[in-house]
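Residue numbers (full-length UniProt numbering): 1 to 204.
Yeah, the Cβ is synthetic: ideal placement off N, Cα and C, and Gly gets one too.
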C-alpha cells in the first residue's frame, strides 16, 4: 500500500470516526448559522464527521471523497432521520465539477491533494459554485510543508506560498487566514506541517 492510495484513505477515514468536527468546520458553522435547507458541499469528506455536523445544522450536504468505503461510511455518521439531507459521491475532488450552487463549501485537507496541474481549474470551480453570500472554508498547504521537499509529491500535492494564497482569495471577504507551522503526527508517522486555514465569504 502506497502512502496515498485509496486503501490508505479507507484506513485513515475509519480511524477518524468518533472524533469531534475540525475547528474549520466549527468556525464555518458559527458564522454561517443554521442551514435551513441551504446547499453545502464537503470536499474530501473522509469519515463523514464534518458532513454529519453540517447535516445536523440543517444543511443539505453533497459529500465528496475518493475512498471506496465512502458510500457506506459517511451515511453512518448521520442519524437515519436526517439522511435525506445527505448526498454522497465517491470521486476525486478534481472529478466532481461543476458543483451545484452552494451557500457553503468546506474543504479541510482536501485541496492540497489536487495535483498542481489541475488545481487552478478546481479552485475556479469552487469559487464559481459559491452563491452570493456563500461561505468558504479551506485548508491549503504552505511551501514549507514537509511533503513539499519530497520529489515523489511534486506532481501529486499542491503547495502555496503566502503571496499565492493571497491571490487565490482576491475578491472574497476574507475573515480568517490562520497560518500554522509545527511538527506533528500524520497518519503512519510524523511530519512538518505548514498550513493555511481560511474562512472567507463571497459578497456578490
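Bridge partners of residue 193 according to DSSP: 182. Residue pairing from DSSP places residue 137 in a beta bridge opposite 106 and 199.
Per DSSP, reduced to three states, the secondary structure at residue 101 is coil, with no helix or strand assignment. Burial check for residue 112: the Cβ neighbour count within 10 Å reaches 16 or more, so the residue is buried. In the DSSP assignment, residue 60 falls within the beta strand (DSSP E) that extends over 60-65. The continuous beta strand (DSSP E) containing residue 89 extends over residues 86-90. Shown here for residue 16: same chain residues with a beta carbon closer than 7 Å to its own, the five before and five after excluded, namely 46, 47 and 49 in chain order. A straight line joining the alpha-carbon of residue 98 with that of residue 151 spans about 31 Å. Between residue 122 and residue 114, the gap from beta carbon to beta carbon is short of 8 Å. Counting C-beta pairs closer than 8 Å gives three or more between the region 142-160 and the region 184-194, which meets the contact rule. Restricting attention to 134, 10 and 19, the CA atom closest to the CA of residue 204 is found in 134.
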